[in-house]
Every structure is written in C-alpha cells, then in structure tokens.
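A short write-up of the structure that comes next.
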Amino acid sequence: MAEHGKSRETSVSAEKVWAIWSDPSGWGEWNPNVTTMDMPSPIKLGAEGVMNTPAGQHHQMKVVGLQPGRSFTLETSVIPLSRFRFTCRVEPGGGKTTVSQSVKVVGPMGWLFDPMMGDQIAKDFDQVLDGLVKRAETA
Numbered sequence: 010m011a012e013h014g015k016s017r018e019t020s021v022s023a024e025k026v027w028a029i030w031s032d033p034s035g036w037g038e039w040n041p042n043v044t045t046m047d048m049p050s051p052i053k054l055g056a057e058g059v060m061n062t063p064a065g066q067h068h069q070m071k072v073v074g075l076q077p078g079r080s081f082t083l084e085t086s087v088i089p090l091s092r093f094r095f096t097c098r099v100e101p102g103g104g105k106t107t108v109s110q111s112v113k114v115v116g117p118m119g120w121l122f123d124p125m126m127g128d129q130i131a132k133d134f135d136q137v138l139d140g141l142v143k144r145a146e147t148a
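Right under this line is the structure:
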C-alpha cells in the first residue's frame, strides 16, 4: 500500500522542530485537527493516549514506530478491520529541515480503504504541517 502524504521545508533546525513535534501535550496549540492529546511527553515507543478533535471525536492512539530525532508513527483504528498509520518525519539537509506526514491504511481491509481514503486524509496534512512550521519559526 502506498503512503499518502505532504511535506514542508523550513529554515528551523531539525532539533527544534523535533522538540515541538515530539511533545504531544502541545499539539493542540498548533495542530488544527487536535484540541488535546492525552499522551505522555516526549513521544516514546509503545506509548498510548487519546487524541481529542475539534469535532468532538476521541481517537485511541499508539506509538508503533520511533526513530528519536527523526520520526514517529502513530496508529489508530477508526474503521473496522483497518488501522490508520500516521508517520511524522523530520529530515535535516542542506541548511533546511523537511517535515512530512503520511498515512497508510493497513489491516485486513486496508487494501480496500487505503486507495479510497488515503489521499483524502492527507489533504489535512497541509494545515498540520503549516501549523508546525509556523510554531517552530516563532518559538
């Protein structure tokens, strides 16, 4: 299955961006899709928490992948027989930092839902990454 995602570049250091992104307690300050994220900070492999959204939804999230300073992957189950995997990356290079977020729909029905929903979900990543970059640039 393909990853569906977006990316942005910033002049802010990868370390500074990582410090903001790996602190779930602050996500509600810059991520328009999150009011609060009830998960211990900083991000740790195996950590679990609840992401609360402006629409009043509550999603159980689990950190299923982590490369400290570089990336983390969150997983949640929204649709039966599938899981959404969100991977968030911070990549330094050439005096710039690239931040990216992608999603993959996996599980027994992932083959069906991923092509139908992946690009649609990824449309929201523009606002998320813009919020992250703005927060990092003004911090």
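At position 46 of the sequence shown (counting the first as 1) the number is 55 in our numbering, and the numbers step up by one without a gap.
In this text, a Cβ means the ideal position worked out from N, Cα and C, and glycines have one as well.
Do you know whose CA, among 87, 109, 100, lies nearest residue 154's CA?
-> Nothing in the structure corresponds to residue 154, since the chain is present only between 10 and 148.
Figure out for me which residue from 40, 105, 50 has the closest Cα to the Cα of residue 28.
-> 50
Helix, strand or coil: how does DSSP classify residue 47 here?
-> strand
Top-ranked residue by Cα proximity to residue 129, from 146, 25, 89, 114 | 114
Are residue 79 and residue 99 close, meaning C-beta to C-beta below 8 Å?
-> yes
Secondary structure of residue 136, DSSP reduced to three states | helix
DSSP on residue 62, reduced to helix/strand/coil?
-> coil
Kindly provide the ranges of any alpha helix (DSSP H) runs that are 4 or more residues long and lie completely inside the segment 56-136, ordered along the chain.
-> 119-131
Contact check, residue 107 vs residue 16, beta carbons under 8 Å = yes
Is DSSP giving residue 15 helix, strand or coil here?
-> strand
Rounded straight-line distance, which links the Cα of residue 131 to that of residue 30 | 18 Å
What three-state label does DSSP hand residue 29 in the structure shown?
-> helix
Roughly how many angstroms lie between the CA atoms of residue 14 and residue 73, to the nearest whole one?
-> 18 Å
For residue 55, count neighbouring Cβ atoms within 10 angstroms of its own Cβ and tell me buried if that reaches 16, exposed if not.
-> exposed
Extent of the continuous alpha helix (DSSP H) run through residue 37 = 36-39
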